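For reference, the structure discussed in these notes is given below.
Chains as they are written, first to last, in this note's numbering: chain U, 1 to 43; chain X, 44 to 361.
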């Protein structure tokens, strides 16, 4: 059994929020349906 | 070739692991992502601002690097990532993989990659999802005799790493269920139900689930996606959404919120509100088919086994 230890870091959301750029980013980027990758028309 | 991986739109990945590439080894922090199948890291070819903020792989400093010459684009929700494919020695913990194909980023969108605490991504989904024609990391481990079977699991320790580490990762029986599509780690959820529904401003698992529960909804279990449970729109219609699509709940109401129980292969896997409510809950509603993404909050409660050899997943109380 190989054990790979993961480190907990800050999420991109956290970092962007801390630096005050999250709101602008979310407003300027079109929302993507999180389920889109599971609609397999593009397979 | 393209691969659609809109995970970055969620921006909510917290757990990263160290790998090294090349001879001598160059170290990287990568996201172990069950929602994709390629390995890529930033490279010295990349002049984007995002790469300046991360460790970059320098192929000229590695004696074992070989160029593939092919360029691929990975499309993310927040922009596209261009990678050049190459081969080199990849080390994950004590596992040494020779001639592993991986992507060297050439162009990365500054937003949001500049702000990522990880350098690259190590995909752990099925090979059919990968661009390029070479084996994935797990396939290479198998082919080179590093693993006896293509199986991995995630366990979230309650203890500090290295201290009081419990060698027993789970208790009780393992619930096994087949993977319903060999691309992502997708399994079927028979039903979802709640034992209590007194939540204020948060009616996600209320009575709608009874009628929607037998429509054969699928779920995807992923680590790279972040620590949340994603619910279909029809189940989240009564939730209170903030302007940023975050669903807000009064933390004082957690005790009166429902336990959501996912029934997989006839076995109930309850998820209490203490597990699925965080300080900043982010829960947008997908508009497509009723899919759930069971993220880290689920994995923290349930030790989860990904068995590619038998195309099945296993769950047991963590």
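Every residue gets a Cβ at the ideal spot worked out from N, C-alpha and C, and that includes glycine.
No experiment lies behind these values; they were computed from the predicted model shown.
In chain order, what residues of the same chain lie with their CB nearer than 6 Å to the CB of residue i, ignoring the 5 residues before and after it?
i                      : result
residue 171 of chain X : 226
residue 322 of chain X : Since pLDDT at residue 322 of chain X reaches only 42, below the 50 mark, its modelled position is unreliable, and the value read off the structure follows with that caveat. There are no such residues.
residue 195 of chain X : 349
residue 104 of chain X : none
residue 123 of chain X : 116
residue 315 of chain X : 302
residue 7 of chain U   : none
residue 96 of chain X  : 157
residue 181 of chain X : 193
residue 130 of chain X : 109, 142, 144
residue 175 of chain X : 128, 144
residue 212 of chain X : 198, 346
residue 102 of chain X : 108
residue 3 of chain U   : none
residue 111 of chain X : 128, 129
residue 18 of chain U  : none
Using the beta-carbon of each residue, which ones in chain U are nearer than 8 Å to residue i?
i                      : result
residue 159 of chain X : 12, 15
residue 75 of chain X  : 4, 6
For residue i and chain U, any beta-carbon pair shorter than 7 Å?
i                      : result
residue 178 of chain X : no
residue 54 of chain X  : yes
residue 259 of chain X : With a pLDDT of only 44 at residue 259 of chain X, under the threshold of 50, the placement of this residue in the model should not be trusted; the figure read from the coordinates follows. It does not: the Cβ of residue 259 of chain X has no partner Cβ on chain U nearer than 7 Å.
residue 265 of chain X : With a pLDDT of 46 at residue 265 of chain X, under the threshold of 50, the modelled position of this residue cannot be trusted; read the value that follows with caution. No, because no Cβ of chain U sits closer than 7 Å to the Cβ of residue 265 of chain X.
residue 276 of chain X : Here the model assigns residue 276 of chain X a pLDDT of 44, short of 50, so the residue's position is not dependable and the matter cannot be decided.
residue 353 of chain X : no
Going by beta carbon distance, what residues of the same chain come within less than 8 Å of residue i, once the five residues before and after it are set aside?
i                      : result
residue 134 of chain X : 62, 63, 64, 68, 140
residue 16 of chain U  : 22, 25
residue 352 of chain X : 192, 193, 194
residue 83 of chain X  : 117, 124, 126, 145, 146, 147, 148, 163, 164
residue 186 of chain X : 178
residue 355 of chain X : 219, 220, 221, 222
Starting from residue i, find everything on chain X with Cβ-Cβ shorter than 8 Å and list it in chain order.
i                    : result
residue 9 of chain U : 57, 58, 59, 72, 160, 161
Under 9 Å between beta-carbons, which chain U residues line up against residue i? List them in chain order, please.
i                      : result
residue 136 of chain X : 2, 3, 4, 5
In chain U, which residues lie with their C-beta within 7 Å of the C-beta of residue i?
i                      : result
residue 154 of chain X : 25
Residue i CB to nearest chain X CB: under 7 Å?
i                     : result
residue 20 of chain U : no
Could you pull out every residue in the same chain whose Cβ sits closer than 7 Å to the Cβ of residue i, ignoring the five residues on either side in sequence?
i                      : result
residue 59 of chain X  : 72, 73, 74, 160, 161
residue 344 of chain X : 314, 318, 361
residue 223 of chain X : 229, 230, 231, 261
residue 94 of chain X  : 85, 148, 151
residue 216 of chain X : 359
residue 10 of chain U  : none
Nearer than 6 Å: is that true of the beta carbon of residue i relative to any heavy atom of the ligand NAD?
i                    : result
residue 6 of chain U : With respect to the ligand NAD, the structure shown offers nothing to examine, as it has no ligands at all.
Would you verify that the beta carbon of residue i is, or is not, closer than 7 Å to some beta carbon of chain B?
i                     : result
residue 56 of chain X : Within the model displayed, chain B is absent; protein chains U and X are what it includes.
3-residue-minimum beta strand (DSSP E) runs that sit fully inside the region 81–114 of chain X, ordered along the chain | Counting only runs of at least 3 residues, the region 81–114 of chain X fully encloses the following beta strand (DSSP E) elements, listed from N- to C-terminal order: 82–85.
Ranges of the beta strand (DSSP E) found wholly within the region 115–198 of chain X, counting only runs of at least 3 = Runs found: 122–135, 138–150, 163–166, 194–197.
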